[in-house]
Structure formats: C-alpha cells, structure tokens
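Engineer: Can you keep this structure in mind? I'll have questions shortly.
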Amino acid sequence: MKGFCKGLAKSVGVLALLAAPLALTASPAHAEVSGETAFIFNTFLFVICGALVMWMAAGFAMLESGLVRSKNTATICLKNISLYSVAGIMYYLIGYNLMYTDVTGWIGSFSLLYNTSDAELALLGADESTEALIAAVVENGYSVMSDWFFQMVFVATAASIVSGTLAERIKFWPFIIFTTVLTAIIYPIQGAWTWGGGWLSEMGFSDFAGSTIVHSVGGWAALVGAIILGARKGKYGADGRVTPMPGSNLPLATLGTFVLWFGWFGFNGGSQLALGSALDASAIAILFANTNLAACGGVVAACMLTQLMYGKIDLTMALNGAIGGLVSITAGPDLTNHFWSIIIGGIGGVLVVLAVPLLDKLKIDDVVGAIPAHLVCGIWGTLAVGIFGAGSLVTQAIGVVAIGAFMIVTSAVLWLILKYTVGIRVSEEEEVMGQDKVELGMEAYPEFGRN
Amino acid sequence: MKGFCKGLAKSVGVLALLAAPLALTASPAHAEVSGETAFIFNTFLFVICGALVMWMAAGFAMLESGLVRSKNTATICLKNISLYSVAGIMYYLIGYNLMYTDVTGWIGSFSLLYNTSDAELALLGADESTEALIAAVVENGYSVMSDWFFQMVFVATAASIVSGTLAERIKFWPFIIFTTVLTAIIYPIQGAWTWGGGWLSEMGFSDFAGSTIVHSVGGWAALVGAIILGARKGKYGADGRVTPMPGSNLPLATLGTFVLWFGWFGFNGGSQLALGSALDASAIAILFANTNLAACGGVVAACMLTQLMYGKIDLTMALNGAIGGLVSITAGPDLTNHFWSIIIGGIGGVLVVLAVPLLDKLKIDDVVGAIPAHLVCGIWGTLAVGIFGAGSLVTQAIGVVAIGAFMIVTSAVLWLILKYTVGIRVSEEEEVMGQDKVELGMEAYPEFGRN
Amino acid sequence: MKGFCKGLAKSVGVLALLAAPLALTASPAHAEVSGETAFIFNTFLFVICGALVMWMAAGFAMLESGLVRSKNTATICLKNISLYSVAGIMYYLIGYNLMYTDVTGWIGSFSLLYNTSDAELALLGADESTEALIAAVVENGYSVMSDWFFQMVFVATAASIVSGTLAERIKFWPFIIFTTVLTAIIYPIQGAWTWGGGWLSEMGFSDFAGSTIVHSVGGWAALVGAIILGARKGKYGADGRVTPMPGSNLPLATLGTFVLWFGWFGFNGGSQLALGSALDASAIAILFANTNLAACGGVVAACMLTQLMYGKIDLTMALNGAIGGLVSITAGPDLTNHFWSIIIGGIGGVLVVLAVPLLDKLKIDDVVGAIPAHLVCGIWGTLAVGIFGAGSLVTQAIGVVAIGAFMIVTSAVLWLILKYTVGIRVSEEEEVMGQDKVELGMEAYPEFGRN
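First to last, the protein sequences are chains G, H and F. Using our numbering, you'd call the opening residue of the first sequence number 1 and step up by one each time. Using our numbering, you'd call the opening residue of the second sequence number 1001 and step up by one each time. Using our numbering, you'd call the opening residue of the third sequence number 2001 and step up by one each time.
This is the structure we're talking about:
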C-alpha cells in the first residue's frame, strides 16, 4: 500500500482510487478509461505536479533572499538549495519507507532505499510488452517512482519553511543536520500517521494536501528553533522597542510568492493522487480553482486590513497574505462551494496580519513571517475542514494537537542537542559582519554598496 | 454554452468540440478516444495551461518591477499581486457569468457566483461512480471549473497590462477600483461579444487567443488612463525634450519577459480548448511552434531595427519585441505555414520599435512600453488573421474598432469618475519621493543606495 | 524517420515506439491504450516538456546575469534572449532537416523550412474527422510539430552554454553569427549522427537526453571560444595570480539554477519521446526521480568538498554542483537502481569543484563555470552509461571523442574566421567601461551605484 494511503483521508480522492482496480476488470464498453490509460494519467499527474512543487523550492529561496538583509543573502540561497538536496537524498534513503511502507498505526519501515517495483522492472526489461506484464504494472494505479517523487517534494517544502524563520543567525551545517533528521525521520513519522494510513487516518483526521502535515510541521520546527536560537542581535530592545530589519530585495520576495502560488497548483492539484477518471479530473479542476481563490482572498484581506490598521499597505503583508491564504485552503481544497475558499483564504490573510506583531510582542524573531503564514494558517486551515468541509472539528483538533506536540518535542530535543554540541548560532561579531562573508567568504551583491 | 463558445470563432478548435459529443455515441471500435478520456484530456489542458497563464502574472510583475525606478518598485509589485487577486475574485463573483452564461448577442447573465455543475456535484458526492453519473459529466466535454480557471487568468492578463503603463504615478487604491470594474464588468462584456458567442462571433470575427480581446483591451485601458493621468513629472520638457527614466533592474525585466514567453504557451496552446482528439493534439503542437517562432521573429526584428536606427541594440526593445511578437501571433496562432509566424511576429517587433518614440512624440508616458507591445501589436495581429489566416479583413477591422470604441468610452468614463472623486494621481512631492515611501512606507531595495 | 530516431539509442524508449504501431492494429480488448490516445499523450509530452526546456533559457539568462559584473549584465540578458530567438528561427529554416530528415549516416537534408505533415494538414482542413484521416495522422505516433518544438529547445540549450563562458568580452553581433551557424549547421550535423539515426547510433552510442550531444557540444564551443578569445583583462596576472571577478547578483544566479533544475525534468523526462503506454509512463517516472537525485547528489558533494578543501562553502560551487549533477545524469537517466543516480550526480559535483581551479591554472577564463559543468560533466555522464548503464564504455568513448573532435575543429574554424574578419572582442577601453554602456548604451542597474 505504498504511497496509496495519502488518499484514504480524502473523500474525493478515495473514490477514484477504489474505482481504478474495478475499471481493469470491467468490459471495454463499460470502462470508459482503460486501466493503462488511467495509469498513464495518474503517473503523469504525479510527475508534472511534483515538478511544480519542486519549483516551490525556488519560491522559498527567492522569498527568503528578498526578505533577509543583503549580508546574509548568499547564505540563505545556499541553505535553500542545500536543504532541498538533503531532503531528496534522505527521503530516498530512509524517509519514504518510514512514511509509506508497511505502516502499522504509528510508523512505517526503517528499511534503506526505495526503488522501482518488480512489476515495472519486469516490463522495462522485457523484450516485448505482454499483456500480463502491463497488467501487473497497471494494477498499482500509478508508477511507483512518480509517487516517490511527488511525496519527496512535500518533505522539501516542510524543510524550506524552517530556513526562512531562522535566517541571518543560524549556522549553515547545524541547520543542514537539522534538515537531515527532519526529512529522514521526523516528518515521515508524523506523515505516516495520516497519509501512511496510520492512527490519525483511522480516526478520520483529514488533511488533503498538508496544512498541518506539511506546513504546520515546518512551522513548528521553525517556531521551536526560533525560541531556542533567540532573536537577531538588536531586533528587540530592552525597552520593548522592535527594530525593523527590512528585507533587501522586495521584487525577489514578490517573485518568490508568485512562484509559490504557481507551484501550489501542483501541491493541491496533485494531491488528488489520480487523474484517470472523470471524477478525478473534475476534482482537480475544483482544486485549482479553490487554491487560486483562497490566495486571492488572502491578498485582498491582508491589503485591506493593513490599510485599516496602519493607514498604509505593506507589500510583505500582502505577500504573506497570499501564502497564508494558500496554506489555509490546503487542508480542504476540495470544497464544492467555491465562495468559501475566498473566505477561508481571507481569514488566513487576516491571521497573518495579526500574528506578525504578536510574534514580535513575544520576542520571537521570524525573519520572513513563516510562522504566521505556515503554522498559524496551517492550524486554521485544518480546523476549517471541520467547519466547512466533511471533517469533524474535534478530530481535526486532535490531529493538530498531536502533530504539534510531536513536533515541539522532537524539534526541541534536536535543536537542543545541536545547540549544546556543535552550536547553532554564529558569534555576535559574525552576525554583525553577516553570514555571507563569514561562512561563505563572498557577497551576494558585491557591487551594490551600502557604504 | 458556458465557456464553450470561445472555440466557435476558431476554425480548428470548433471541429474538435463538435467531434467530442459524437465520440460518445460511437462504438468503441470507431471511437479511438473514449468520451471520458477526452474529458480528462480537455480538463487537464485547461488547468495546466491556466496555471501557465497565471504564471504570466509573475512575468508582468517582474517586467514592470525591472522597468520602473527603484523608488516605485515595491508599489508596482503590490499592484501586480493585488490586481491578480482582485481579478480572480471579481471574475468569480460576476465576470464569468457576464461573459459566458446565456449570452444573447451583447451580454451574458448578471447573476452572482459561479460554481461546479450539478452533474459534477452528483458524481463527486455519489457513493459509487455509475455509468450514468459519468456520462452526465462527460457530456460537457470538460470540467466546468477548469474552464472557469482558464478564462479567469485571461482577464488577469488584461488587467496586468494596465499597471505597467500607469506606473510611478497612479495611486494604489484608485487603480484597484479600476481593476475591479475592468475585470468584473468591462472585460467580460466585450469578451461576451466574441468568446461568449455574441454578435462579433456571429459576424465571423476571429481572435483565437485574444490579440484584441485580451491584449488590446488592456492596451486601450492603459492608453486612455495614460492620457487622463498625464505623464510623469519631468518626462517631457517644454522644449520637446524627452528625459529618459531608465528602468532600475533590467535582469528582472528580462526574467519577466521570459516568464511571459513561457506562460504564453499556455495562453495560446490552451485556447485550443480541447486536447481529446488527434486533431486537437496536432493543433496544439502547431500553436506551440507558431507562438515560439513569432516571439523569435519579434526579438530578431527589434534587435536588427534598433541597430540600424540607433547604432546600438536596446535590451528593452528586444524584450518588448518578444512580447510584441507574441501578441501579434495570438489572434491567429493556428497557421499551418509556420514561416508566416516569423513574419507576423517580426512585424510586431518592428511596430514596437517604431511605436515607442511615436508615443513619446505624443507625450503619452507609457512606463514599460505596454501600449506598443499589447495595443499596437494586438491590432496588427488581429488584422493579420484577415491577411494570412481564414478571417475576413473587414470583419477583423470591425472587431478591432468596435472593441476599441467600447474600451475607449468605458475606460474614459471610469478613469474620469475616479479622477474627479477619489483622485488618481499622487501629489508632486509624493511623486518625487516615490510611491514606495509614501503609500507603502517601505523601500524595495533599502540597502542599494543611489545617494 | 523524422525525429523518431532519437529514441533508437534508448533501450527503454525504443520499446514504446515499436509498440505504438502494433497497438493500432490490435483489437480494443488487447490494446489498453488506443492509438489515438497514445498519439495525444505523446504529443502532449513533447509540448509540455518542450515548454519546460524553453524555460531553461530563462535559467541560463538568470544564472549568467547573476555571475557577470553589473557593467555587462544587460548585454548578457540581451545575448540570452537573442540566442534563443536565433536558434528557434535557424532550427526551423535549416537545422531540423539537417538533423532528422533522411539522415544517411552522416548528415540529413539541406532543405529549407519544416512544416506540418500532409496527414495532419488533411485532418486539420477536413470538414469532418474521418477514421481514415485520424489513422493517417496517428500512425506517426505524435504530432510532427510537437517533435520539432521539443528538438528546437535542445539546440537553444547548447547555444546558451556558450554565452556564459564568453561573457564580458565577446561582441554581441559576432556572438550572434556564431550562434546562427552553431544552431543551423554545426549542432544539427553532429546531432544527426546519433539522434538522427546516423553512424554513431548504428554503432550503439547511447546518449539518452544529451550529456554529449547537447551539453558537451555547447561546452566544446565555449572552450574553443574562450581560448581564441582570451581571458578578461586583468583576470590572470603575469605572476600567476588569479583575480576574482565576483558575480554581481547571486540570488539571480541561484534562481537561474533552480530554473534549470525545474526545466531539466522536461529535458530528461521528455526525452523518453513517448507517454502513450504504461512502459513509457513508468520510464518517465524513473527519469524524473533520477534527474532529481543526481542534482541533489551534485549539490551535496560540491558543498562537502568545498568545505573540506577551502574551509568554506561556496554558493556558486553549490549551484554549479547542481548543474554538474544534472548534466552527469543526462546521458543515462533511465537507471533502475536510483542510488547510482546520487553517485553519478555526486561525482559530477566533485568534478565541477576540481575543474574550476584547473581552468584557472590553464588561464582559460570561463565566466560562469560552464565548461566544468557542461563539458566535463557531459563527458563523465556519457562514459558513466558505459559503466552503470547498458552502453559499452568503448563505444561511449568513441562518441565523446568523435563529437569532441568535430566540435573543436568546426568551432575553431568559425571563431577564427570571425576573429579575423569582423573581430570578436571588444576593445580594452570598452571592456573596462563594460559592454552595457558601449554596445547597448544603457545600464542594467542605473541606480545601484558602485561609485
């Protein structure tokens, strides 16, 4: 049941998955879409949507590059491309099996590597494609590695969230070690609970594309890290004053947000996990429309609220409003009343605008606003399924709390181990100089002096 | 006839759409592609191509960010993400119905909201996918919301064109109000005339993917706005001298152009409106090839002409040459002689190079060159269908004039109302300071001083 | 045999292509995917993956923009959009026929233009889609122009590699002339040897998506050009000292790398050349997974090695490590043991880190590191097929040497002709001033002073 179970928590997706094997045995006159055609559609959906989600890694890189100060820009670029790379390797070596292979309630298999199925190997290696060989492959519903690829890019998304919050002060290699453990073990274990068919899935917890499982998970890891790591030097004065440390390149941050928005169609759309029936195609159309509407609602709400609250519109709030709207709809983008998507996303935008100053009041230094957008809106979106969708509010809350508790404990342990062994924070002088000079020995913009 | 009618004006597309229902009744041996398979293909085409067109919003944002001065860069970013968001919501609330629902010659339905069809709701909500449920969904040819999404991103494109021309001086909120009315009412009304199956469609006006209906419409709104708003302070001297106000970040403008080019494959390719037959697939291949060749022609022509005219090659002319080539082919990208695409696009590139100084002579201040690229080339491309394609030159000209007149009148009324109520222009001091500081209270590049 | 033969060298792809015509004659019960459905899948794969590869042109533009100094940034942007445009036109006018039409061992047809097939024209122009018309089109397996488009973007990739190495000193128009000949004649001739079904293909040389045929070809042209052109003024001191000339915008370079990575899924995935069977879909899933894993391996290896060698991590090495990993897997991304992809890509990352200082020792000035990433890793990846894949190491080496020799000779002749006629290098004063001011009369970042 590898990878298959992500759909078990989805009212729409599950029908398609159950329908697929039936189609194989039905006569051609009844089966409008042949099993092999459905297999191609499903596989192609995974690889195309997976590529779109991979592209979100560029979005995070640009968003974070634009929101840090220029003395730390090259470092945040390096962190982003490195974390994606580490995520890819670790999820191949350990993570995927832990999340999807033989999950028995709490945890999958600790086996190493993950490869193409025997049926596919047989078909690929055969001199001729016989009906039996094709049938054996098609029975799985989609190609094994297409699912691996699609799931891999999700773990990278979770890891990307962490880098932005902790930017400008966390050392490169300790961050990479955290990412390694997060993507190899922590994320897959909690992922197995729902998408792997574990206990939360059995309880009826519903998180279509990962408001909690991906976004809040990244958000929790970021929040715990931010508390343990402490704020940037000079951010919070003793007198309670907050010193703004404005991002150095706002068009890049805007670009990053657009990249995320674009990639999110793959994130939510591909989470239908199947394209091989009219039902799946209809569902995916709805997923695209709702995803877009929620982001629109987030932007508009954030713009209006900042105008009302501050008399100005803040570009970074609008950008995080878009992301907040997207995260908010991610737990339940399969709503058939699309108007609710605007509302759910709009509330996400409001939450972002309210949570940013709240974090500052708590002296939690989140460089890019990832905690409001991914954690707060992730919780909201997951609960919204219990309000607007088919889920139960209680079950949704249980999922949020369980995964939150797991993430707080595991992240805290890991961050503290790193803190008291290799150390996680650059020195004061290094922070003033900037990580680019200290850790990389280079400048992101050597010619655009601030003098 | 929702959304369906966009294809009525297309010689190639219409065959495919007519063929689709036939396939459903034919026997399996004759129908090579089953109705359900075609439904999936058509729906998937819409969502993938729609996502590519959504990505063009990022292209406009980057193009315009790169071509304004840095003191207005954050504002233009905010305008771009906001206009896309407003377009999405308004086209959902009002616009789509006005353009596609029960169009009777001039106008569609003024009903609110637009949602999934009853047939799709029944399939999605059923315990089991029966043949009858599937057949009821498949009969429509594609999923209802996939078409909505695809049409939505087109209205956003039209709105994106306006922001660039009016940059650096138009106030944020009045611009957003204009965008709201443009995307909710103005664009949909003229769109109904052709793509909604209205009077221009009945007359035989042909605009495959919207040289006129999308690009000129945006261009007219921009032109009228530029005249009413006036030029930027200091742009045109009393002695007729034009003061160059060079864009602050040309690599971003280059990136934006590449994004537009990439997204245009979705724009023109998806406008086939169907992928579910060999004919459609062949047509789409031709659309991709012609789109690419026309853009290539635009770049090469613009480079050569600027070299000849000025002894230098101007990067921004090359970029606008690409866009001009793309706009020029958009009315008729279904040419089967691909060589003409290079010529049509090349003429677009020439028109851009000639129109830019002409606008300056008329003291019409178009910050990014959107009027040459989208309006002038939009007209040229629409007329070109009457020369190289299947259309009649007279009918094409009627469409250009009718839509132009409608846009001039409605835009002028709306801009003037805004001018004499809320005001549309920032004050002189604010213009000197830049909109980023005044309206947003932030800087796009706080560390890259000009001092 | 137009375009078709690219697959002949591919163990996996060839089965699918052979199977396609068989499916047409089989009875519906046996043929799970109808011939027309397969035709649509294959065509759609080409256009979508082709668009992704087109997008790589933006990646090269951003990578190179970020790695040159700001005084040459606008020029490198112009070169990138121009070379893509020239490639598109020349490959339409001459290149494609030379590479794929009636290849007899060494060379294809020198005929002009390339257009839609008669069968497709008949179907597109018919009043009704008859079975006979559809069958005639479907027999080809895919739409003719979709293949043209897909092959076109590959030649543009090869040309893109050259611009980066020679940046900051080569004149615009001579570079464009070189690109014209490269894309019209040089690339197609060597491409015909393998993908056109020529002598290397008959010998069994295997280069799945073009480690040698695309990347090394660009790399050889760049290397020869770099030697003939000479290093940038001041780069190499008489005392053997190397003066660093750091890139002016590293986030853009990072963005460019992510764009390339994203586009590479189209590059390698689309090179399966077919999607219309379970076998093809399985193969494509594997191609996506391996492509991703190799890039991950390249990044991680480059980061670790630079840390070990220099005590710092170099962002540009990590970026080139990603590209090196991608190039390395491109000759054989169809490995079914995915672990080897990490190793092959990782070795690519190591080669990049070692080759960059080696080139400096040889006083070969490669501005962006394209020779290590594309030429060195291209050779490595091609040989790796003889080690890990189905190919013979000897045959692979013959292909590498033959194409290398051809490229060295033809490039040298062309560069030398240009050098001694129009001249290829800007003057010393112009080099100091920067090409943007001299050749374009503009600045890429007029407000971000270096004073």
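For glycine and all other residues, C-beta sits at the position ideal for the given N, C-alpha and C. It should be emphasised that the depicted structure is a prediction, and the values quoted were computed from it without experimental measurement.
1) For G/L354 and chain H, any beta-carbon pair shorter than 8 Å?
2) So that I know if they touch, is there some Cβ in chain F lying closer than 8 Å to that of G/F448?
3) What are the partner residues of F/V2422, as DSSP defines its beta bridges?
4) Could you tell me the distance, in whole angstroms, from the CA atom of G/T116 to the CA atom of F/V2300?
5) Between the segment 2134-2152 of chain F and chain H, which residues of the former have CB atoms less than 9 Å from a CB of the latter, in chain order?
6) What's the C-alpha gap between G/G230 and G/I364?
7) Counting only C-beta atoms, is F/K2312 closer than 8 Å to chain G at any point?
8) If you follow the alpha helix (DSSP H) that G/A285 is in, where does it begin and where does it stop?
9) Give a yes or no on whether the C-beta atoms belonging to G/G311 and G/S328 are separated by under 8 Å.
10) Does the contact criterion of 3 or more C-beta pairs under 8 Å hold for the segment 2101-2112 of chain F versus the segment 2287-2300 of chain F?
11) Quick one: what does DSSP say H/V1368 is sitting in, helix, strand or coil?
12) Which residues, in chain order, does the segment 1359-1393 of chain H contribute to contact with chain F at a C-beta distance below 9 Å?
13) Smallest Cα separation from G/F339: which of G/I286, G/D360 and G/L305?
14) Excluding sequence positions up to five away, which residues of its chain have a Cβ less than 8 Å from the Cβ of G/W415?
15) Does the count of Cβ pairs from the segment 1054-1074 of chain H and the segment 1255-1262 of chain H closer than 8 Å reach three?
16) Below 8 Å on C-beta distance, what does G/S277 contact in chain C?
17) To the nearest angstrom, how far is it from the Cα of G/V352 to the Cα of G/T316?
18) What residues in its chain sit with their C-beta under 7 Å from that of H/C1377, if we drop five residues either side in the sequence?
19) Measure from the C-beta of G/N115 to each C-beta in chain F and report whether the shortest distance is under 8 Å.
20) If contact means a Cβ-Cβ distance below 7 Å, which residues of the segment 1059-1083 of chain H contact chain G?
21) Given a cut-off of 8 Å, decide if F/C2296 and F/I2342 are closer than it, judged by their beta-carbon atoms.
22) Could you compute how far the alpha carbon of F/V1976 sits from the alpha carbon of F/L2393?
23) Please report the distance separating the alpha-carbon of G/S34 from that of F/Y2096.
24) Once you ignore the five residues that flank G/A29 on each side, which residues in its own chain have a CB closer than 7 Å to its CB?
25) Let me check understanding here. Comparing Cα to Cα, which of H/V1400, H/E1430, H/G1441 and H/A1412 lies closest to H/G1204?
26) Which of the residues in the segment 324-342 of chain G, read from start to end, lie with their CB under 7 Å from any CB of chain H?
27) Suppose you measure from the CA of H/D1360 to the CA of H/T1165; what does that come to, to the nearest Å?
28) If the cut-off is 8 Å on Cβ atoms, which residues from the segment 2425-2447 of chain F count as contacting chain H, listed in chain order?
29) For H/I1313, name the three-state secondary structure that DSSP assigns.
30) On the DSSP bridge list, what partners appear for F/V2242?
31) How about H/T1157 and H/M1056: do their beta carbons lie closer than 8 Å?
32) Quick one: Cα of F/G2298 to Cα of G/E443, how far?
33) Looking at chain F, is there any beta carbon in it that lies within less than 8 Å of the beta carbon of G/G88?
34) Buried or exposed, going by whether 16 or more other CB atoms sit within 10 Å of the CB of F/E2428?
35) Taking the alpha helix (DSSP H) that H/S1216 belongs to, which residues open and close that run?
36) By DSSP's criteria, F/I2186 is part of a beta bridge. Which residues make up the other side?
Structural biologist: Here's the rundown:
1) As a position in the first sequence, residue 354 of chain G is number 354, starting the count at 1. No, because no Cβ of chain H sits closer than 8 Å to the Cβ of G/L354.
2) As a first step, residue 448 of chain G must be located in the first sequence, where it is residue number 448. Among the CB atoms of chain F, one or more fall inside 8 Å of the CB of G/F448.
3) Translated into the one-based positions of the third sequence, residue 2422 of chain F becomes position 422. In the DSSP output, where bridge partners are listed per residue, F/V2422 has none listed.
4) Mapped onto the first sequence, residue 116 of chain G falls at position 116. Mapped onto the third sequence, residue 2300 of chain F falls at position 300. Whole-angstrom Cα-Cα distance: 24 Å.
5) So the close ones are I2134, A2135, V2137, V2138, Y2142, S2143, V2144, M2145, S2146, D2147, W2148, F2149 and M2152.
6) Sequence index remark: in the first sequence, residue 230 of chain G carries index 230 (1-based). Sequence index remark: in the first sequence, residue 364 of chain G carries index 364 (1-based). When rounded, the separation of the alpha-carbon atoms in G/G230 and G/I364 is 7 Å.
7) Position 312 of the third sequence holds residue 2312 of chain F. Cβ-Cβ to chain G under 8 Å: yes for F/K2312.
8) Mapped onto the first sequence, residue 285 of chain G falls at position 285. It spans A278 to Y310 - the alpha helix (DSSP H) in which G/A285 sits, taken as one unbroken run.
9) As a position in the first sequence, residue 311 of chain G is number 311, starting the count at 1. As a position in the first sequence, residue 328 of chain G is number 328, starting the count at 1. Going by C-beta atoms, G/G311 is not nearer than 8 Å to G/S328.
10) Cβ pair count under 8 Å is below three, so no.
11) The residue labelled residue 1368 of chain H in the question sits at position 368 within the second sequence. Coil.
12) So the list is empty, because no residue satisfies the distance condition.
13) Counting from 1 along the first sequence, the entry for residue 339 of chain G is found at position 339. Measuring from the Cα of G/F339, the nearest candidate turns out to be G/I286.
14) On the first sequence, position 415 is the one that residue 415 of chain G refers to. If the five residues before and after G/W415 are omitted, its C-beta is found closer than 8 Å to the C-beta atoms of F178, V224, G225, I228, L229 and I424, all from its own chain and listed in chain order.
15) Yes, the segment 1054-1074 of chain H touches the segment 1255-1262 of chain H.
16) Given the protein chain composition of this structure (G, H and F), no chain C is represented.
17) As a position in the first sequence, residue 352 of chain G is number 352, starting the count at 1. As a position in the first sequence, residue 316 of chain G is number 316, starting the count at 1. Using only the alpha carbons, I get a separation of about 10 Å.
18) Residue numbering aside, residue 1377 of chain H sits at position 377 when the second sequence is read from its first letter. For H/C1377, where only same-chain residues beyond five positions count, the Cβ hits under 7 Å are G1324, V1327, S1328, G1348, L1351 and V1352.
19) For the purposes of this step, residue 115 of chain G is taken as the residue at position 115 of the first sequence. Taking Cβ atoms only, chain F reaches closer than 8 Å to G/N115, which makes this a yes.
20) Contacts with chain G (Cβ-Cβ distance below 7 Å) from the segment 1059-1083 of chain H involve A1061, M1062, S1065, T1073, A1074, C1077, L1078, I1081 and S1082, listed in chain order.
21) Along the third sequence, one-based indexing puts residue 2342 of chain F at 342. Along the third sequence, one-based indexing puts residue 2296 of chain F at 296. Yes; because the gap between Cβ atoms is below 8 Å, this pair is in contact.
22) Residue 1976 of chain F lies beyond the stretch modelled for chain F, which goes from 2001 to 2451, so this question has no answer here.
23) As a first step, residue 34 of chain G must be located in the first sequence, where it is residue number 34. As a first step, residue 2096 of chain F must be located in the third sequence, where it is residue number 96. Each residue's alpha carbon lies about 36 Å from the other.
24) The residue given as residue 29 of chain G occupies position 29 in the first sequence. Annotation note: pLDDT 37 at G/A29 (below 50); position unreliable, no value reported.
25) As a first step, residue 1204 of chain H is located in the second sequence; it is residue number 204 there, counting from the start. Minimum Cα-Cα distance from H/G1204 among the listed residues H/V1400, H/E1430, H/G1441 and H/A1412 corresponds to H/V1400.
26) Contact annotation: in the segment 324-342 of chain G, residues whose CB is within less than 7 Å of a CB in chain H are T336, N337, H338, F339 and I342.
27) Numbered from its first residue, the second sequence carries residue 1360 of chain H at position 360. Numbered from its first residue, the second sequence carries residue 1165 of chain H at position 165. Separation of H/D1360 and H/T1165 (C-alpha to C-alpha, rounded to the nearest whole angstrom) is 13 Å.
28) Listed in sequence order: E2439, L2440, G2441, M2442, E2443, A2444, Y2445, P2446 and E2447.
29) If you number the second sequence from 1, residue 1313 of chain H lands on position 313. In the structure shown, H/I1313 falls within a coil segment according to DSSP collapsed to helix, strand and coil.
30) Looking up residue 2242 of chain F in the third sequence gives position 242. Beta-bridge pairing by DSSP links F/V2242 to F/Y2236.
31) Counting from one through the second sequence, the residue named residue 1157 of chain H turns up at place 157. Counting from one through the second sequence, the residue named residue 1056 of chain H turns up at place 56. Taking 8 Å as the Cβ cut-off, H/T1157 and H/M1056 qualify as a contacting pair.
32) In the third sequence, the residue the question calls residue 2298 of chain F occupies position 298. In the first sequence, the residue the question calls residue 443 of chain G occupies position 443. Answer to the nearest angstrom: the Cα atoms are 23 Å apart.
33) As a first step, residue 88 of chain G must be located in the first sequence, where it is residue number 88. Residue contact with chain F for G/G88: present (Cβ-Cβ distance below 8 Å to some residue of chain F).
34) Working through the third sequence from its first residue, we reach residue 2428 of chain F at position 428. When all chains shown are included, F/E2428 counts as exposed.
35) Numbered from its first residue, the second sequence carries residue 1216 of chain H at position 216. Counting along the chain, H/S1216 falls outside any alpha helix (DSSP H), and DSSP gives it neither H nor E.
36) Stepping through the third sequence from its first residue, residue 2186 of chain F is reached at position 186. Within the DSSP bridge table, the entry for F/I2186 names no partner.
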